[in-house]
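Chains as they are written, first to last, in our numbering: chain A, 1 to 198; chain B, 199 to 264; chain C, 265 to 1225.
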Amino acid sequence: MARMKFLCDSERCVECNACVTACKNEHEVPWGINRRRVVTLNDGQKGERSISMACMHCEDAPCMAVCPVDCFYKTDDGVVLHSKDLCIGCGYCFYACPFGAPQYPQVGNFGSRGKMDKCTFCAGGPEADNTKEEYAKYGSNRLAEGKLPLCAEMCSTKALLAGDGDVIADIYKERVARRGYGSGAWGWATAYKTGSSA
Amino acid sequence: MTRRTEDKGLARRDFLKAAGIGVAAAAAAGAAAVGPAAASENRDQRKRARYRETDHVKKFYASNRL
Amino acid sequence: MLIKKSSGTPTRGRLSGLLAGSTLATMDRRGFLKASGLAAGGLAAFGALKPAMVRQAEAAPSTSPNIVKRRNICTHCSVGCTVTAEVENEVWVGQEPTWESPINLGTHCAKGAAIRELTHGDRRLKYPMKLVAGKWTRISWDQAINEIGDKLLEIRGKSGPESVYWLGSAKFSNEGGYLFRKFAAFWGTNNIDHQARICHSTTVAGVANTWGYGAMTNSYNDIHNSRAIMIMGGNPAEAHPVSMQHVLRGKEQNKAPLIVVDPRFTRTAAHATEYVRIRPGTDIPFMWGLLWHIFENGWEDKEYIRQRVYGMDEIRAEVKKWNPQEVERVVGVPGEQMKRVAELMAKNRPSTLIWCMGVTQHSMGTANVRALSVFQLALGNIGVEGGGANIFRGHCNVQGCTDLGLDVTTLPAYYGLTEGAWRHWSRVWDVDYAWMQSRFESKKMMETKGIPSTRWFDAVLVDKKDLEQNDNVKAMFFWGHGGNTVPRMPEMRTGMEKVELMVVVDPHPTTAAALPDRKDGTYLLPACTQLETRGSRTASNRSLQWGDQIVKPVFESKADHWILYKLAKKLGFEKEMFKNIKIDEGDEPNVEDILREINRGTISIGYSGQSPERLKEHMKHQADFDIVSLRATKGPLKGEFYGLPWPCWGTPEMKHPGTHVLYNTHLPVKDGGGAFRARFGVERNGVSLLADGSYPMDSEIKDGHPEFTYGLLKKMGWDKELTDAERATIERIGGNNPDGVGWAIDLSCGIIRVTMAHGVQAMGNAKARAVAFGLPDPVPVHREPIYTPRRDLVEKYPAMADRRDYRLPHLGKSIQDKDFSKDFPMILTTGRLVEYEGGGEETRSNKWLAELQQSMFVEINPADASRLGIKDGQDVWVHGPENKAKARVKALVTQRVGQGVVFMPFHFSGFWQGVDQRAKYPPGADPIVLGESANGVTSYGYDPVTHMHENKATLCRVEAA
């Protein structure tokens, strides 16, 4: 069965942030919540590289392991989702996550956290697919529509890949072979335990 | 930047909102404010694979191979 | 506050460990600025929207059965990305990738992926407004048109038509832009301009004077064919991100060296195989320095030069002066690197040269462009797939609006302002030439270039005796044009305060509304975006794309053509102006009819074959086009190039496929081939200007030839092939001298049709001019910027002497003679950020973009910062050398800029010399993010050919605030 993964080809990423605004656009993510962001290394210097980061939907997801109310679940596609009805906003998952994916709206003036929000791989949540309820809490469910995450679909330079892990690993390998260089699949060793090159 | 500054920002925003400067907030107060989860899926339904290799998905893969 | 990457603070250690090989902190521009804790008032107010993962009440998943898909083109840059919108109940609810578009293949940048927000319009100007005793007051469209019209007529009576300035927009559709140009003509002035003046006017002047047309010669897609790519003074990773898809494919597939030449180590440079840091304002010495190695080693294309280039020997003489030592002294690049770059470009052909505003925005911009053009000619790279002068234009329709004459020097399609040009367009418009002339002050003014937009305020402020028109400018229209786009803003602000009438027509109030202290006489008219109407736009590669209306204009906004019609009616010339354009229901001029009129008149550049019907077919069959050749390989359009890139010769019925690569002799003319235009005569001082043994494939004339007239057609014996109708049209146009009718004014397009049947290009077949006689500096020579820190070079490389042009005095040497470098020791240069566009009001009003870049800043090198005691993130004052100019911004300490150079982005406004101007915007229409304008401190300096401003090399002083 296909296993969903993200892969950012940093040789292609130009830090344009289309992935970030595409995500905002698709799910109407409010100001201050960032399901996806672009991180730049060696900014302004030789060797500058950028990668687009979000929840990687890990193999052994640390967030799932630490959640005190067990609000996470993993789909047969390998997508890590959670229930906002169960989430208590404790923040454990944020500290556990190696990618800094979980986000929290603030409610009230004393810094109390709201329900956690994160990238869903455009696969919604525990409400019925593509209902108003699901959209309101988790955003759209493109996977159920037969599509892939919009961030990857709209990536300006086709740097961000999403979809069947085997297929996108293949695409990446072809690219590396053709151009003769590649910096490896960022985060794959941590997320998918597959070694740092695809 | 720390969470503390974040708190500060929010406090100021809330203050401004109270002062009537803010734009009308169309969004609800939080996820909890959304009505009861009437259309919830059961455990098996939730986990069911959604991914299909549709035409749309194939076009995405193909355009990445160019 | 506002988390982004910085919210990851606790995990940063883990994160950077994960990103193998990097031991550096993962701070970047955005994280840095966000961490510096800004939050302007508006930002804070905006934040009142509770950040919760719950959306607006009307939002819903876009899977409803009522959803319809509509296609338009992104309005943010010249790449021309197709936007697919999902619309439900006339609300744009979702955006999907357009895999079929051969230009963007489904992708977008941050702006394109956020474009849906524009039609939701939280911060749009919602209805017409005017200032009444300093307060914004809502008025009706009728009242607005009436009051503005009355005032215009009053000014016309008092001061004449030249006292109204029509500043238009590169964001018009072709139809809106053309109508705007026509409107200015019918009003009776050539004081009409648009953003091309400030982005690529020097490119257009430079390349048109070299080989014929002022446009990108190849395309984004064609870069797939390049064996080497050089980007000079351009940062497409931020300015044209989707173009990088093609650039990086060329780099990867061909193992092409990617050379980036820029004073800044840009995000584009981060992907270069070779980065060259030059001092701002030394483009010509750099190019001549490369050519020095090329000539020295005999790497030039000698046969190409013999056949197709005029005057290369004079270039050689100039290039000889630029030996490696002198280049290193002036430019700062060592000889070894110069030689390496020259060799990479010479030995990996076809090699392409891409340039943007780093080359053009200089007081010697046209000469810069010409040097770059000559370089490509020396390597035989023009008229070749994979080669070319790939000039990335800026706005989404700056190419189209340039082509359609929103320019102080010409009528549509570069016919100029001569009597012949006016007679041609009078015929197209079906109005009497004498009537046309009666609209102007005089025949002389009708044929006199107007005042460039970079200097409109000089026409307000200058003493009348120094101004070559009846009176100063009294009324100013900002129609789709920001108020922070040109230097010397302190003086511009005074100009804004002095005009009697100021009208802003725009989806947003713009800087023009908020900057000046005016109490009355300012009107804001809400124009809709191109997403809310239909029409065509021309991408940088000359392809025309048709956009469908996605949603109806939001709030009370209206399309440009509607507003122009209303105004024409009020001013009393709508019957003449819309004689052959149907007025649809709701007083809306028919867009297709406007394009048909464009088709009839723009014969000279081949905008004549792109009928609305053909363009709509191209949008429908996007999937049939090859992404490298841009040619349809199947389907009903097989053989045509995508978007019928101009020239698309003759009438739509002639079915010319468009021209993917200009001047390409490897194809027949009827199949998109061509040759350099014969624009400058047939010989000079006994030397032929026509091509020598080079000609388009299948041409029956196997040599150079002049452009065709009816007379030449007769001489060839080809006139018999004209139809009776074609002959009658030519004879009607010619009157007493039908033989003199040239191909470009032959409204029948018969001359084009017949010559093309013989494989011949009607516009002739000439050599390109390495020496552009008639221009200042026919052979480009280095001149130090007007404001330069290199006093040691001023004597040897002086600015041009003071002169007059464009109705105004034009200073050069007299400014350069003063030494400002003691008080203003740093070089200031400007540029783009990916999230924002142009003056930035639209993009800074878009919540999804504004969140990404919340502060104006100045980049400064760590060595300079430490010397000046400036810390990363602190506020600094940047002082300019004129008018006590200053701006308070944040310091971003980075090696991105070299020592002695600082950089500011030019998208900000709404702060003025440290003071927040938010309260001066109409309530609810203030952009989310405000900041100081870079042009608040930039200075004098204009190109002698186009009066392009010098925005890329001036001086400043930076001090801790």
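Idealized CB from N, CA, C, for every residue including glycine. Being a predicted model, the structure only gives us computed values, none of them experimental.
Using the Cα positions of residue i and residue j, report the straight-line distance between them to the nearest angstrom.
i	j	result
residue 391 (chain C)	residue 384 (chain C)	15 Å
residue 429 (chain C)	residue 593 (chain C)	44 Å
residue 528 (chain C)	residue 597 (chain C)	14 Å
residue 397 (chain C)	residue 784 (chain C)	6 Å
residue 241 (chain C)	residue 1126 (chain C)	Outside the shown range of chain C (265 to 1225) lies residue 241 (chain C), about which nothing can therefore be said.
residue 316 (chain C)	residue 118 (chain A)	With a pLDDT of 41 at residue 316 (chain C), under the threshold of 50, the predicted position of this residue should be treated as unreliable, and no value is reported.
residue 1070 (chain C)	residue 769 (chain C)	26 Å
residue 765 (chain C)	residue 758 (chain C)	14 Å
residue 1212 (chain C)	residue 986 (chain C)	44 Å
residue 365 (chain C)	residue 264 (chain B)	14 Å
residue 297 (chain C)	residue 1134 (chain C)	Unreliable positioning characterises residue 297 (chain C) in this predicted model, as indicated by a pLDDT of 47, which lies under 50. The coordinate reading is nonetheless provided below. The straight-line gap from Cα to Cα measures roughly 15 Å.
residue 29 (chain A)	residue 1112 (chain C)	9 Å
In this structure, how does DSSP classify residue i when only helix, strand and coil are distinguished?
i	result
residue 1169 (chain C)	strand
residue 348 (chain C)	strand
residue 67 (chain A)	coil
residue 802 (chain C)	strand
residue 1081 (chain C)	coil
residue 496 (chain C)	strand
residue 358 (chain C)	strand
residue 818 (chain C)	coil
residue 249 (chain B)	coil
residue 515 (chain C)	helix
residue 135 (chain A)	helix
residue 236 (chain B)	Low local confidence applies: a pLDDT of 49 at residue 236 (chain B) is under 50, so the model's placement there is unreliable, with the coordinate-based value given in what follows. Three-state DSSP puts residue 236 (chain B) in coil, outside helix and strand.
residue 829 (chain C)	helix
residue 869 (chain C)	helix
residue 367 (chain C)	coil
residue 1204 (chain C)	coil
For a quick check, are the C-beta atoms of residue i and residue j less than 8 Å apart?
i	j	result
residue 870 (chain C)	residue 905 (chain C)	no
residue 1210 (chain C)	residue 461 (chain C)	yes
residue 494 (chain C)	residue 157 (chain A)	no
residue 808 (chain C)	residue 908 (chain C)	yes
residue 711 (chain C)	residue 682 (chain C)	yes
residue 445 (chain C)	residue 716 (chain C)	no
residue 825 (chain C)	residue 655 (chain C)	no
residue 661 (chain C)	residue 1103 (chain C)	no
residue 735 (chain C)	residue 427 (chain C)	yes
residue 63 (chain A)	residue 126 (chain A)	no
residue 116 (chain A)	residue 104 (chain A)	yes
Here's the rule I'm using: 16 or more other beta-carbon atoms within 10 Å means buried, otherwise exposed. How should residue i be labelled?
i	result
residue 1001 (chain C)	exposed
residue 844 (chain C)	exposed
residue 1228 (chain C)	Here chain C comprises residues numbered 265 to 1225, so residue 1228 (chain C) is not present and cannot be evaluated.
residue 699 (chain C)	exposed
residue 561 (chain C)	exposed
residue 959 (chain C)	buried
residue 43 (chain A)	buried
residue 401 (chain C)	exposed
residue 223 (chain B)	Bear in mind that the predicted position of residue 223 (chain B) carries a pLDDT of just 30, short of 50, making it unreliable; the figure below should be weighed with that in mind. Exposed, because fewer than 16 other Cβ atoms sit within 10 Å of the Cβ of residue 223 (chain B).
residue 1154 (chain C)	buried
residue 984 (chain C)	exposed
residue 819 (chain C)	exposed
residue 17 (chain A)	buried
residue 733 (chain C)	buried
Mind listing, in chain order, the continuous beta strand (DSSP E) runs of no fewer than 3 residues lying wholly within the region 406-494 of chain C?
With a minimum length of 3 residues, the continuous beta strand (DSSP E) runs that stay inside the region 406-494 of chain C are 428-431.
Any alpha helix (DSSP H) of 4 or more consecutive residues that is wholly inside the region 42-112 of chain A:
Whole alpha helix (DSSP H) segments, 4+ residues: 62-66, 92-96.
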